[in-house]
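Heads up: the sequence shown is residues 22 to 125, going by the working numbering.
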Amino acid sequence: MLTLPEDLEMQYNLQVKQFAEQHHMPYITSLERMGIQQGIQQGIQQGEYVLLLRQLQHKFQQVPDLYLKKLEAADSDMLLSWGERVLGAKTLSDVFEASASNAV
């Protein structure tokens with residue numbers, strides 16, 4: 022990776038911006054791209070959380086705080102795993118505890 026001196030970096034960024042404007046090409050920096058990707062991932066995970074919570078509430082009516090905290094702390098993969106387990110679960114513990122025993 023090449024690091025430009027600050028004055029050259031500013032000049033480079035200005036030239037890239039001007040080129041993009043002249044050719045009607047929006048320029049998104051790698052930092053902006055990473056931010057967009059992170060925002061998309063957070064949105065997906067939030068949707069998985071909301072859907073699983075609604076499924077649990079529909080099937081079991083009440084979801085105790087213990088399980089709500091687990092939901093809030095879970096990553097996307099865990100939420101998906103629990104979402105699959107809720108289909109055949111008879112109790113809340115079937116959803117959460119069975120997946121913990123299968124974790125690597």
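We put the beta carbon where it would ideally sit given N, CA and C, even for glycine.
In this text, all values refer to a predicted model and were calculated from it rather than measured experimentally.
Please go through the same chain and pick out, in chain order, the residues whose beta-carbon is closer than 7 Å to the beta-carbon of H44, but skip the five residues on each side of it. none
Could you say which of L74, I65, Q82, H79 lies nearest to L89 if we only look at CA atoms? L74
Straight-line CA distance for Q76 to M55? 32 Å
Measuring only the C-alpha atoms, how far is V71 from Q59? 18 Å
Euclidean distance between Cα positions of F40 and L23: 21 Å
Y70 in three-state terms, based on DSSP: helix
How long is the line joining the alpha carbons of D115 and V107, rounded to whole angstroms? 8 Å
Assumed close pair E69, L100 - CB separation to whole angstroms, cut-off 8 Å: 4 Å
To the nearest whole angstrom, what separates the beta carbons of F117 and W103, a pair I think is in contact under 8 Å? 7 Å
In three-state DSSP terms, what is D28? helix
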